[in-house]
Amino acid sequence: MTESNETPIQTEEGEERQHRRIKSFVMRAGRMTEGQQRGLDQGTPLFVLPLADAPMDFDQVFGRSAPRSLEIGFGMGHSLLEMAAASPEQDFIGVEVHRPGVGALLNGVLTQGLTNLRVYDCDAIEVLNRCVADNSLDRLMLFFPDPWHKSRHHKRRIVQASFAELVRSKLKVGGVLHMATDWEPYAEYMLEVMNVAPGYRNLAEDGKCVPRPAERPITKFERRGERLGHGVWDLKFEKQS
Numbered sequence: 001m002t003e004s005n006e007t008p009i010q011t012e013e014g015e016e017r018q019h020r021r022i023k024s025f026v027m028r029a030g031r032m033t034e035g036q037q038r039g040l041d042q043g044t045p046l047f048v049l050p051l052a053d054a055p056m057d058f059d060q061v062f063g064r065s066a067p068r069s070l071e072i073g074f075g076m077g078h079s080l081l082e083m084a085a086a087s088p089e090q091d092f093i094g095v096e097v098h099r100p101g102v103g104a105l106l107n108g109v110l111t112q113g114l115t116n117l118r119v120y121d122c123d124a125i126e127v128l129n130r131c132v133a134d135n136s137l138d139r140l141m142l143f144f145p146d147p148w149h150k151s152r153h154h155k156r157r158i159v160q161a162s163f164a165e166l167v168r169s170k171l172k173v174g175g176v177l178h179m180a181t182d183w184e185p186y187a188e189y190m191l192e193v194m195n196v197a198p199g200y201r202n203l204a205e206d207g208k209c210v211p212r213p214a215e216r217p218i219t220k221f222e223r224r225g226e227r228l229g230h231g232v233w234d235l236k237f238e239k240q241s
C-alpha cells in the first residue's frame with residue numbers, strides 16, 4: 001500500500017467466462033520520479049527476486065536464517081522500509097506490481113543501506129504459489145487492501161477462503177497473518193472469512209480486532225484519518241496447524 005492508500009493495492013482481479021484467473025492486484029499507471037527510477041536501475045539487480053518455478057531458498061538469499069515476514073502490496077514502501085530498518089535481526093520480503101512504488105522502496109533500501117529486504121515485482125498469488133516454501137514464513141502482512149465496496153465486486157477481494165488456505169500453507173505453525181483496513185465493513189468481512197478458515201486462531205481477546213500493534217508503522221494517511229475520526233481495524237490470526 002502507499003501512504004495515501006489510493007495507489008494500486010493488492011486485490012483480486014481478472015475474470016474469465018468459465019474459470020477466473022486469480023490475480024492479487026490491479027495495474028494503474030503512475031509517473032516515475034528521478035529517485036524511483038534510480039531505485040529501479042540500481043536496486044533491481046541487487047534486491048528484486050525472480051518469479052521462479054520452485055521455492056526460493058531465502059536462507060541463501062539473505063545469507064542467514066532469521067524470522068521472515070512477507071508483505072503483500074507495500075505501495076510506496078514507507079511502512080516496509082520502517083519495519084526493516086527497525087528490525088535488522090529480521091528479514092522482510094515485499095510484493096508490489098506498481099513500478100513507482102517498487103522504485104521508491106528500492107531507492108530507500110539503497111539510501112538506508114538495508115540488507116534485510118528483498119522484493120518481488122509481480123503478482124503476489126503467483127509468488128506465494130511458486131516461490132515461497134510451505135511452512136516457511138513467520139508473518140504475512142496485508143495492510144489496507146482494496147475493499148471493493150460494491151457487492152458485485154466482492155469476488156475481487158483478495159481475502160477469500162482460498163487465500164486464507166494458501167497463506168496458512170506458507171506460514172509456520174505459530175506464524176501470523178496480520179491484516180489492517182480503514183473500512184469497518186471490510187474488517188467485518190475479513191472476520192467472517194477468517195473465523196471459519198480452518199487452522200487459525202484469532203489473537204484478539206474479544207474474538208474481533210486487536211489494538212493497533214506497535215510493529216505496524218502509522219502512515220500519514222492513517223494519521224490524517226485519525227484526526228478526522230476515521231478508524232483503523234487490525235486483525236491477527238495465528239496458524240495453529
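Numbering (the UniProt record's numbering), first residue to last: 1 to 241. The C-beta atom is built at its ideal place from N, Cα and C for all residues, glycine as well.
Identify every run of the alpha helix (DSSP H) within the stretch 141 to 197, keeping only runs that are complete inside it and at least 4 residues long; order them along the chain. 161 to 170, 184 to 195
Please identify the residue among 99, 66, 102 whose C-alpha is closest to the C-alpha of residue 87. For the purposes of this step, residue 87 is taken as residue 87 along the sequence shown, with counting starting at 1. Ranking 99, 66, 102 by Cα distance to residue 87 puts 66 first.
Please go through the same chain and pick out, in chain order, the residues whose beta-carbon is closer than 8 Å to the beta-carbon of residue 151, but skip the five residues on each side of it. Counted from its first residue, the sequence shown places residue 151 at position 151. Cβ within range, chain order: n/a, list empty.
Could you tell me how far apart the beta carbons of residue 131 and residue 55 are, in whole angstroms, since I believe they sit closer than 8 Å? Your numbering for residue 131 matches position 131 in the sequence shown. Your numbering for residue 55 matches position 55 in the sequence shown. Going by Cβ atoms, the distance from residue 131 to residue 55 rounds to 6 Å, so yes, they are a contact pair.
With 16 other Cβ atoms within 10 Å as the buried cut-off, status of residue 36: Position 36 of the sequence shown holds residue 36. Per the 10 Å Cβ criterion, buried.
Residue 71, DSSP secondary structure in three states: Counting from one through the sequence shown, the residue named residue 71 turns up at place 71. It is a strand residue.
Assign residue 178 to buried or exposed, taking buried as 16 or more other Cβ atoms, counted over all protein chains shown, within 10 Å of its Cβ. Mapped onto the sequence shown, residue 178 falls at position 178. Burial call: buried.
Excluding the 5 residues flanking residue 112 on each side, which residues of the same chain have their C-beta closer than 8 Å to its C-beta? Counted from its first residue, the sequence shown places residue 112 at position 112. The answer, listed in chain order, is 81, 85.
Is the beta carbon of residue 68 sitting closer than 7 Å to the one on residue 91? Within the sequence shown, the letter at position 68 stands for residue 68. Within the sequence shown, the letter at position 91 stands for residue 91. Taking 7 Å as the Cβ cut-off, residue 68 and residue 91 qualify as a contacting pair.
Under the rule that 16 or more other beta-carbon atoms within 10 Å means buried, what is residue 89, buried or exposed? Within the sequence shown, residue 89 is the residue found at index 89, counting from 1. It counts as exposed.
Quick one: grab the DSSP three-state call for residue 135. Along the sequence shown, one-based indexing puts residue 135 at 135. Residue 135: coil per DSSP, three-state reduction.
The alpha helix (DSSP H) that contains residue 220, what's its start and end? Counted from its first residue, the sequence shown places residue 220 at position 220. It spans 220 to 227 - the alpha helix (DSSP H) in which residue 220 sits, taken as one unbroken run.
Three-state secondary structure assigned by DSSP to residue 77: Indexing the sequence shown from 1 puts residue 77 at position 77. Note: residue 77 maps to coil in three-state DSSP.
Around the Cβ of residue 33, are there at least 16 other Cβ atoms within 10 angstroms (buried) or fewer (exposed)? On the sequence shown, position 33 is the one that residue 33 refers to. That one is exposed.
With distance defined between alpha-carbon atoms, name the residue in 203, 50, 134 nearest to residue 168. Sequence index remark: in the sequence shown, residue 168 carries index 168 (1-based). Selected option, being the one with the closest Cα: 134.
Backbone secondary structure at residue 129 - three-state DSSP: Here residue 129 corresponds to residue number 129 of the sequence shown, with the count starting at 1. Helix, per DSSP.
Residues bridged to residue 238 by DSSP? The sequence position of residue 238 within the sequence shown is 238, counting from 1. Beta-bridge pairing by DSSP links residue 238 to 176, 201.
Start and end of the alpha helix (DSSP H) containing residue 102? As a working mapping, residue 102 is identified with position 102 in the sequence shown. Counting along the chain, the alpha helix (DSSP H) containing residue 102 begins and ends at 99 to 112.
Are the beta-carbon atoms belonging to residue 204 and residue 143 less than 7 Å from one another? For this step, residue 204 is matched to residue 204 along the sequence shown. For this step, residue 143 is matched to residue 143 along the sequence shown. It is not a contact, given that the beta carbons lie outside the stated cut-off.
Measuring CB to CB, does residue 38 end up less than 7 Å from residue 129? Reading the sequence shown from its first residue, position 38 is the one you call residue 38. Reading the sequence shown from its first residue, position 129 is the one you call residue 129. At a Cβ-Cβ threshold of 7 Å, residue 38 and residue 129 do not count as neighbours.
Simplified DSSP assignment, three categories, for residue 117: As a first step, residue 117 must be located in the sequence shown, where it is residue number 117. Reduced to three states, the DSSP call for residue 117 is strand.
Whose CA, out of 211, 74, 146, 240, lies closest to the CA of residue 194? As a first step, residue 194 must be located in the sequence shown, where it is residue number 194. The residue with the shortest Cα to Cα distance from residue 194 is 240.
Exposed or buried, residue 224, counting other C-beta atoms within 10 Å across all chains shown (16 or more means buried)? Position 224 of the sequence shown, counted from the first residue, corresponds to residue 224. Burial call: exposed.
CA-to-CA distance, residue 61 to residue 228, given in whole angstroms: Here the question's residue 228 lines up with position 228 in the sequence shown. Here the question's residue 61 lines up with position 61 in the sequence shown. Going from the Cα of residue 228 to the Cα of residue 61 covers about 43 Å.
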